[in-house]
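Residue numbers (full-length UniProt numbering), protein chains in the order written: chain A, 1 to 250; chain B, 1 to 250. These notes are about the structure you will find just below.
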DNA sequence: GAGTGGTCTAGACCACAAT
DNA sequence: TTGTGGTCTAGACCACTCG
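Written as structure tokens, this is what we have:
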């Protein structure tokens, strides 16, 4: 490990997961740990900051840090990639492209992907399975500049995110997710093997590169009972917000 | 403003919101801004870190920081408090307690609130309105040590979070939220004015104090179309996770 | 009052990006 | 090659908590 603060964060994470610092317990002080690891206070604070952002520990001025939770949230890599997430949970991911179609972008799509209206986009309808059980129906729109790479992927490609990285070095590193509930339509019901009108968890997301260039936008519908989204947050920083939808929404 | 890094973060946020740094644009370098504000590079990096955690800017080693989004997510204060969130959006919040009942904690409730099984808890069923329209049905369980304070609140209390802070200095500063979709039951349908079986967005949450002491756990159901949850995240840090529910789940 | 975390400084070296 | 952000150090002072 070249980065000392990451190494220290890893050690602390393990100690918390192992129960050496149980939930509710106080952690050693910054100076103690800095001395123990032979690093400056700044480096140690960086490690603590990581765990704080993960929601594992809390802090108040004047008092020692306290353990809030034992297990970290999964990484964004796992969040973005259905396949990686599935494997992390010991399930076998699967998938199949149902339809694939190129078309000029509508005004809404162009706006979301920061394209000119009429630029070509690629629509993909894809079903995702967990242990051969359908759990997620994705309606994805890819910006034209990624379309060729996406079309070259095999229909039953396990991990689109990973394959695009391997094939063209594309890294999707930022995302915005909108969560709400909808009733299953005809297609949803058929592919997810539920009754029409069943409640589905809908996640509309847009993913961008690190530079902020939009790559894809998607309407994902999860079968009830199969998946739960978890957000852990604290006063200091949290990216979760509750919004009333705007009229112009997708 | 006593804290310099907060002041700088505020200024940058405003500049981004005003479009002085539009989405996609590069920001000035750390050294330029540090010199301009007369602070050290460390302080400036702290300000940048705040904006990064809010999802407003992205960074890669070697290149200037880039604007990813113009508007920050709402604060956790607004997320926790229905009333504050509603007012921030210019809507009139309302609410009414439908039922209130004390009971010994079940094993599940005791585990969630870190109580001994059989300790007393307070169950509240509360309807929340936005501009007099019902949007949210809350089934909340409060730990016994907060029950007296909660019961003293008026039935149509606008902001429970604020009132508890005012009354007993209780600050709810950490939370865990689980989001999924469920079909409306009889009570849900009646109170939210939807048909039975309609899709509802369900948020199960547990809130704790800064020290990690659980205060309440709640099953909140939102009427479709009225509210959307938004998560913005990046590779560096994100508290959003996708989970398969465990059998033992609430 | 002693200890702790929050803030801030003024340096340094490195890895990486852009040109 | 130059500039940028990422990492790290060794100090300092303050606000706060706790016994």
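Even glycine gets a Cβ: it sits at the ideal position worked out from N, Cα and C. This one's a predicted model, so the numbers in the text were calculated from it and none came from an experiment.
Within-8 Å CB hit, residue 36 (chain B) to chain A = No - not a single Cβ of chain A is within 8 Å of the one on residue 36 (chain B).
query = Between the C-alpha atoms of residue 187 (chain A) and residue 201 (chain B), what's the straight-line distance to the nearest angstrom?
reply = So the alpha carbons of these two residues sit roughly 21 Å apart.
message = For a contact defined as C-beta to C-beta under 7 Å, what are the partners of residue 224 (chain B) on chain A?
response = One finds 180, 181, 182 in chain A with Cβ atoms closer than 7 Å to the Cβ of residue 224 (chain B), taken in chain order.
query = Thinking C-beta only, is residue 121 (chain A) closer than 8 Å to residue 89 (chain A)?
reply = It is not a contact, given that the beta carbons lie outside the stated cut-off.
query = Looking at the unbroken alpha helix (DSSP H) that takes in residue 42 (chain B), where does it start and where does it end?
reply = Element bounds for residue 42 (chain B): 41 to 53.
Under the three-state DSSP convention, the category residue 200 (chain B) falls into = Here residue 200 (chain B) sits in strand by DSSP.
ask   = Do residue 17 (chain A) and residue 70 (chain A) have their C-beta atoms closer together than 8 Å?
value = Against a cut-off of 8 Å, the Cβ pair of residue 70 (chain A) and residue 17 (chain A) comes out as a contact.
query = Can you check whether the CB of residue 182 (chain A) is closer than 8 Å to the CB of residue 126 (chain A)?
reply = No, these two residues do not count as a Cβ contact at 8 Å.
Contacts around residue 100 (chain B), its chain only, beta-carbon distance under 6 Å, and the 5 residues preceding and following it disregarded = By the criterion of a C-beta distance shorter than 6 Å, residue 100 (chain B) is surrounded in its chain by 124, once the five residues flanking it on both sides are discounted.
query = What residues are listed by DSSP as bridge partners for residue 100 (chain A)?
reply = Partner(s): A:124.
key: Rounded straight-line distance, which links the Cα of residue 36 (chain B) to that of residue 137 (chain A)   = For residue 137 (chain A) and residue 36 (chain B), the distance between alpha carbons rounds to 50 Å.
Endpoints, beta strand (DSSP E) assigned at residue 218 (chain A) = Note, residue 218 (chain A): beta strand (DSSP E), 214 to 222.
query = What are the start and end residues of the beta strand (DSSP E) that includes residue 140 (chain B)?
reply = Residue 140 (chain B) -> beta strand (DSSP E) spans 133 to 143.
query = Given that a residue counts as buried once 16 or more other Cβ atoms are within 10 Å of its Cβ, and exposed if not, what is residue 217 (chain B)?
reply = Answer is buried; the Cβ neighbour count reaches 16.
task = Check residue 66 (chain B) in the structure and name its three-state DSSP category.
result = Correct three-state label for residue 66 (chain B): strand.
request  = For residue 87 (chain A), name the three-state secondary structure that DSSP assigns.
outcome  = Three-state result, residue 87 (chain A): helix.
ask   = At which residues does the beta strand (DSSP E) containing residue 60 (chain B) begin and terminate?
value = Boundaries of the beta strand (DSSP E) around residue 60 (chain B): 57 to 60.
request  = Consider the Cβ of residue 53 (chain B): report whether some Cβ of chain A lies at a distance smaller than 8 Å.
outcome  = Residue 53 (chain B) counts as touching chain A.
Inter-residue spacing [alpha-carbon to alpha-carbon] between residue 213 (chain B) and residue 230 (chain A) = Distance between residue 213 (chain B) and residue 230 (chain A), taken at the CA atoms: about 19 Å.
task = Step through the CB atoms of chain B and report whether any lies within less than 8 Å of the CB of residue 115 (chain A).
result = Not an interface residue.
message = Can you look up residue 12 (chain A) in the DSSP assignment and give me helix, strand or coil?
response = Looking at residue 12 (chain A) - three-state DSSP - the assignment turns out to be helix.
query = If the cut is a Cβ gap below 7 Å, which residues of chain B does residue 199 (chain A) touch?
reply = Those are 181, 182, 183, 199, 200, listed as they occur along chain B.
ask   = How about residue 198 (chain B) and residue 135 (chain B): are their beta carbons less than 8 Å apart?
value = Their beta carbons are not under 8 Å apart, which means residue 198 (chain B) does not touch residue 135 (chain B) by this criterion.
When A:38, A:132, A:117 are compared against residue 93 (chain A), the one with the closest alpha-carbon = Between residue 93 (chain A) and the set A:38, A:132, A:117, the nearest pair of CA atoms involves A:132.
ask   = Between residue 94 (chain A) and chain B, is there a C-beta pair that is closer than 8 Å?
value = For residue 94 (chain A), the answer is no, since every Cβ of chain B falls outside 8 Å of its Cβ.
query = Considering only residues of the same chain and omitting the five flanking positions on each side of residue 179 (chain A), which have a CB-CB separation below 6 Å?
reply = The beta carbon of residue 179 (chain A) sits closer than 6 Å to those of 203, all from its chain and outside the five residues before and after it, given in chain order.
inquiry  = If you follow the alpha helix (DSSP H) that residue 209 (chain B) is in, where does it begin and where does it stop?
reply    = Segment: none, residue 209 (chain B) is in no alpha helix (DSSP H) and carries neither H nor E.
ask   = Which term fits residue 9 (chain A), buried or exposed, when burial requires 16 or more other beta carbons within 10 angstroms of its beta carbon?
value = Buried, because 16 or more other Cβ atoms sit within 10 Å of the Cβ of residue 9 (chain A).
message = Tell me the DSSP secondary structure of residue 26 (chain B) in three-state form.
response = Looking at residue 26 (chain B) - three-state DSSP - the assignment turns out to be strand.
ask   = Does the beta-carbon of residue 105 (chain A) have 16 or more other beta-carbons within 10 angstroms, so that it is buried, or is it exposed?
value = Flag for residue 105 (chain A) reads buried.
task = Would you verify that the beta carbon of residue 8 (chain A) is, or is not, closer than 8 Å to some beta carbon of chain B?
result = No - not a single Cβ of chain B is within 8 Å of the one on residue 8 (chain A).
inquiry  = So, with DSSP's three-state summary, where would you put residue 186 (chain A)?
reply    = Annotated three-state conformation of residue 186 (chain A) is helix, per DSSP.
key: Same chain, Cβ closer than 8 Å to residue 40 (chain B), neighbours up to 5 away in sequence not counted   = Once the five neighbours on either side are set aside, the close Cβ partners of residue 40 (chain B) are 34.
message = By DSSP's criteria, residue 129 (chain B) is part of a beta bridge. Which residues make up the other side?
response = DSSP lists B:94, B:134 as partners of residue 129 (chain B).
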